[in-house]
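Taking it in order: structure first as structure tokens, then the write-up.
Residue numbers (this note's numbering): 2 to 404.
Encoded structure:
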């Protein structure tokens with residue numbers, strides 16, 4: 002371990018996640034432009050967007066299975082090559098199918114980054130897993146903020162979406178170079194001597210299955226809404242993309258202060274409070290108009306802020322034997338649910354518009370109001386989780402919650 006530089010590995014991991022999030026932010030900002038340039042309807046745009054979300058779980062699950070075998074370094078070099086190919090194919094896209102496959106490659110790259118970096122962070126910082134996962138994952142909303150601002154700035158100066166996408170090549174080349182030069186540790190599961198059979202047995206724990214199912218809902222609530230915000234609210238405000246910037250900016254700040262928050266509240270309590278705020282924020286996004294929508298985005302951002310890192314941190318802390326595969330199955334569940342839901346809601350959006358005789362003024366808000374059911378169900382689920390964990394901790398030694 003003497004040759005392992007965890008600060009540099011963590012920094013390179015954040016840079017790789019930045020590329021992942023830039024792809025979300027820039028794609029959210031150029032989605033309507035792609036539809037116009039290539040004459041695509043909302044269902045086709047939804048299908049293209051969804052490929053990133055089902056490419057991600059495919060990669061993250063496969064990566065979770067093989068990361069202990071081939072090592073995190075090889076997995077991250079694969080991510081680099083997938084990012085490079087996906088970005089270049091997007092820049093030179095000619096229509097639906099090139100956009101479809103390029104977005105899929107970027108989704109695979111994004112999933113491969115998470116498949117390697119989540120277990121890398123937990124094994125580098127075994128004494129503060131939840132905190133460092135939150136610090137690592139702040140670069141996801143952080144990159145979305147940067148991506149949306151890039152779109153706004155370059156649109157103002159008249160540079161096309163190809164240039165905006167092409168800018169992702171710079172951090173991609175940099176993280177590929179850094180990872181190629183650094184030494185990596187083995188995963189925490191391998192280092193602790195937990196067998197493969199023991200890992201698979203831990204995945205059958207009812208608590209893991211419960212959290213896995215809940216990840217469907219947290220993934221949709223956070224990522225579907227963010228990725229489609231420009232489409233959903235384009236008739237409510239002229240600054241829909243700025244709403245995403247505000248929403249994700251709140252998430253950056255929140256995740257940066259994860260440590261003091263986790264000193265006051267357990268991960269499951271944070272999840273419950275987050276879900277309540279997310280539900281209120283989504284309700285307001287679906288009902289308010291004009292500048293009031295920015296207040297809704299502020300509340301919504303506070304709600305979804307801790308979903309992803311806290312779900313992963315809870316599982317890895319309370320079910321450590323699930324290892325890298327457990328982390329990656331959770332991430333895969335979140336992204337897979339978004340891929341299915343995005344296609345379904347794209348068609349639902351088109352149907353609302355068709356039923357209204359081509360008027361799309363309220364279609365986006367109707368989609369948000371329908372989606373509101375998900376965080377409401379999660380409130381019930383996480384209330385049950387809080388009660389269960391309190392009961393469990395009264396009858397058994399509480400796990401050490403690393404923050």
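For every residue, glycine included, the Cβ atom is placed at its ideal position computed from N, Cα and C.
Can you tell me whether DSSP reads residue 196 as helix, strand or coil?
Correct three-state label for residue 196: coil.
Tell me the start and end of each unbroken alpha helix (DSSP H) in the segment 291-359 that is at least 4 residues and wholly inside, in chain order.
Entirely contained in the segment 291-359, the alpha helix (DSSP H) runs reaching 4 residues are, in chain order, 293-305, 308-319 and 324-356.
Is the beta carbon of residue 215 closer than 8 Å to that of residue 255?
Their beta carbons are not under 8 Å apart, which means residue 255 does not touch residue 215 by this criterion.
For residue 171, count neighbouring C-beta atoms within 10 Å of its own C-beta (all shown protein chains included) and say buried if the count is 16 or more, exposed if not.
With fewer than 16 other Cβ atoms within 10 Å, it is exposed.
Take residue 23 as the anchor and find which of 10, 292, 385 and 169 has the nearest alpha-carbon.
Looking at the Cα atoms, 169 is the closest of the given residues.
With the cut-off set at 8 Å, would you say residue 339 and residue 225 are in Cβ contact?
Cβ distance < 8 Å, so residue 339 and residue 225 count as in contact.
Would residue 383 pass as a contact of residue 276 if the rule is Cβ separation under 8 Å?
It is a contact, given that the beta carbons lie within the stated cut-off.
What's the gap between the Cα of residue 244 and the Cα of residue 349?
Their backbone Cα atoms lie some 23 Å apart in a straight line.
Whole-angstrom Cβ separation of residue 1 and residue 191, contact assumed at under 8 Å?
Because the chain in this structure spans residues 2 to 404, residue 1 falls outside the shown range and cannot be described.
Check the C-beta distance from residue 21 over to residue 111 and give it rounded, since I have them as a contact under 8 Å.
With a Cβ gap of about 4 Å, residue 21 and residue 111 count as contacting.
Go ahead and label residue 185 buried or exposed: buried means 16 or more other beta carbons lie within 10 angstroms of its beta carbon, across all protein chains shown.
Answer is buried; the Cβ neighbour count reaches 16.
Report buried or exposed for residue 95, applying the criterion of at least 16 other Cβ atoms within 10 angstroms of its Cβ.
By the neighbour-count rule (16 or more Cβ atoms within 10 Å), residue 95 is not buried but exposed.
Can you name, in chain order, every residue of its own chain whose Cβ lies under 8 Å from the Cβ of residue 312, other than the five neighbours on each side?
Result list for residue 312: 212, 215, 216, 219, 272, 331 and 335, in chain order.
Considering only residues of the same chain and omitting the five flanking positions on each side of residue 130, which have a CB-CB separation below 7 Å?
If we look at residue 130 and ignore the five residues flanking it on each side, its Cβ neighbours are 123, 314, 317, 318 and 403.
Which residues in the same chain as residue 102 place their Cβ atom closer than 7 Å to its Cβ, once the five residues preceding and following it in sequence are excluded?
Counting only Cβ-Cβ distances below 7 Å, and skipping sequence neighbours, we find 90.
Return the CA-CA distance between residue 286 and residue 148, expressed in angstroms with no decimal places.
So the alpha carbons of these two residues sit roughly 22 Å apart.
So residue 97 packs on residue 163, CB below 8 Å; how close in whole Å?
Residue 97 to residue 163, Cβ: 17 Å. No contact.
Nearest-angstrom Cα distance between residue 329 and residue 59?
If you take the alpha carbons of residue 329 and residue 59, they lie about 10 Å apart.
Could you tell me the distance, in whole angstroms, from the CA atom of residue 54 to the CA atom of residue 337?
If you take the alpha carbons of residue 54 and residue 337, they lie about 6 Å apart.
Using 8 Å as the cut-off, can you tell me whether the segment 29-36 makes contact with the segment 286-299, which would need three or more C-beta pairs spanning the two stretches below that distance?
Judged by Cβ distances under 8 Å, the segment 29-36 makes no contact with the segment 286-299, as fewer than three pairs qualify.
If we ignore side chains and look at the alpha-carbon of each, how far apart do residue 72 and residue 187 end up?
Distance between the alpha carbons of residue 72 and residue 187: 7 Å.
Taking just the CA atoms, how far does residue 322 sit from residue 195?
So the two alpha carbons sit approximately 7 Å from each other.
Hey, how far is the Cα of residue 264 from the Cα of residue 377?
So the two alpha carbons sit approximately 26 Å from each other.
When you compare the CB positions of residue 104 and residue 49, do they come within less than 8 Å of one another, or not?
Cβ atoms of residue 104 and residue 49: closer than 8 Å.
Using the rule of at least 16 other Cβ atoms within 10 Å of the residue's Cβ for burial, across every protein chain shown, is residue 202 buried or exposed?
Answer is exposed; the Cβ neighbour count stays below 16.
For the alpha helix (DSSP H) containing residue 158, list its first residue and its last residue.
Neither: residue 158 is in no alpha helix (DSSP H) and is coded neither H nor E.
Please check the pair residue 200 and residue 324, which I expect to be a contact at CB under 8 Å, by giving their CB distance rounded to whole angstroms.
Contact holds; Cβ gap of about 5 Å.
Flag this pair as yes or no: are the beta carbons of residue 113 and residue 86 separated by less than 8 Å?
Contact: no.
Is residue 40 helix, strand or coil by DSSP?
It is coil, neither helix nor strand.
Could you check what DSSP says for residue 94 in three-state terms: helix, strand or coil?
Residue state, collapsed to three classes: coil.
Could you spell out the range, first to last residue, of the alpha helix (DSSP H) harbouring residue 275?
Where residue 275 is concerned, the enclosing alpha helix (DSSP H) stretches over 268-286.
Could you check how far apart the C-beta atoms of residue 116 and residue 344 are, in whole angstroms? I think they sit under 8 Å.
That pair is no contact at about 23 Å.
Check for me: the alpha helix (DSSP H) holding residue 137 runs from which residue to which?
Unbroken alpha helix (DSSP H) run through residue 137: 130-138.
Given this structure, state the Cα-to-Cα distance separating residue 372 from residue 222, to the nearest angstrom.
Between residue 372 and residue 222, the C-alpha separation is close to 8 Å.
For residue 310, which residues from the same chain have a beta carbon less than 6 Å from its beta carbon, with the 5 sequence-adjacent residues on both sides left out?
These residues qualify, in order along the chain: 134, 135 and 138.
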